[in-house]
Each structure stands twice: as C-alpha cells, then as structure tokens.
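A.B. asks: One structure, pasted below without further comment.
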C-alpha cells in the first residue's frame, strides 16, 4: 500500500473508531453509566435482536443490488461526469452502512463487557468474551467496508474530494 493508501486507512479507521465511540456513549448515557442492568438489557434488545443478523445479510444483498445498478448507470452514462459523480458518491456511502453496523455492535459488546467487569454476577459470561466477539465482528465489518471503499474509489484520490469536470 502506498502513502495515500495508508492515509486512507487512517481516515477510515478514525471514522470507524468515532462511530464506535458515539454508540458507546449512547449506551453509557442511556444506562446510568452502565450501572442500570435493566436499561442495558433494554438497550441491547433495541440494538441487537433476532432480526439483526438476518437484516445484516439482507443489507449486504441490498448493497450488491444497488452497487450493480449504479455500476450499470455509470456505464450507460459514461460521458456524463455529473451522473458519474452522483453514482460514485452513493457508492462511497455504502461501505459506511456496513461500518456503522459493525461499530454499533462492537460498542454494545464493549458496554456489556464493562458492565460485567464492574458488576459480575454468577452464571454470567466472562466480560472478555464480549470484547473478543465485538472486536471480531467490528474487524470483519471494517475490513469489508474498507475494501469496498477502495474498490469504489479505484480511480480517485483517497483523501481529496471528488469533483465533476464539466
């Protein structure tokens, strides 16, 4: 990876960490600083439910459908810089959807693990288990979203904004 690629990785990592922090502070503030177990349970049920993971896979499928449509649109209007600009901007937002999903799950897992660390209970899972699972999920979503962003930006500078040339 060249210097621009490393800069792009740093930017995306910073954005993802910021997203995670936002979701973590949301959990922190809505659960009386992780002291209210019932509020944490309710927050967890709102964030992750039985529909979450099927919804994640449907989101991935939807991303492929929208990406295919946008790539076809770019091909159809190859000489129209404005259409290409709009399509590229939409494509560049798709990886953020994945990144936000991963960040929210990791922040929830981090909040649960901190709660379990400070308020351990019998027969409760180890706090470290939640951190490891959250990190694995976050890592997978970050790698996937970063790779998609690189693919979508293949002809663009990783840092500079995209401008139409018309």
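In the working numbering, the protein residues as written are -14 to 151. In this text, a Cβ means the ideal position worked out from N, Cα and C, and glycines have one as well.
(1) Hey, could you find the ends of the alpha helix (DSSP H) residue 16 is sitting in?
(2) Beta-carbon of residue 115 versus every beta-carbon of chain D: anything under 8 angstroms?
(3) Determine the direct distance from the alpha carbon of residue 80 to that of residue 125, and round the result to whole angstroms.
(4) Tell me which same chain residues have a C-beta within less than 6 angstroms of the C-beta of residue 68, skipping the five on either side of it?
(5) Would you mind sorting residue 46 into buried or exposed? The rule is 16 or more other CB atoms within 10 Å of its CB.
(6) Could you name the residues of the same chain whose beta carbon sits closer than 7 angstroms to that of residue 58, not counting the 5 residues immediately before and after it, in chain order?
(7) For residue 119, does the count of other Cβ atoms within 10 angstroms reach 16, so buried, or fall short, so exposed?
C.D. replies: In short:
(1) Here residue 16 belongs to no alpha helix (DSSP H), and DSSP marks it neither H nor E.
(2) The question asks about chain D, but that chain is absent: this structure has only one protein chain.
(3) Taking the straight line from one Cα to the other gives about 12 angstroms.
(4) Scanning its chain for C-beta atoms nearer than 6 angstroms, with the 5 sequence neighbours on each side dropped, one finds around residue 68 the residues 62, in chain order.
(5) By the neighbour-count rule (16 or more Cβ atoms within 10 Å), residue 46 is not buried but exposed.
(6) So the list reads 68 and 72, once near-sequence residues are dropped.
(7) The residue is buried, with at least 16 neighbouring Cβ atoms inside 10 Å.
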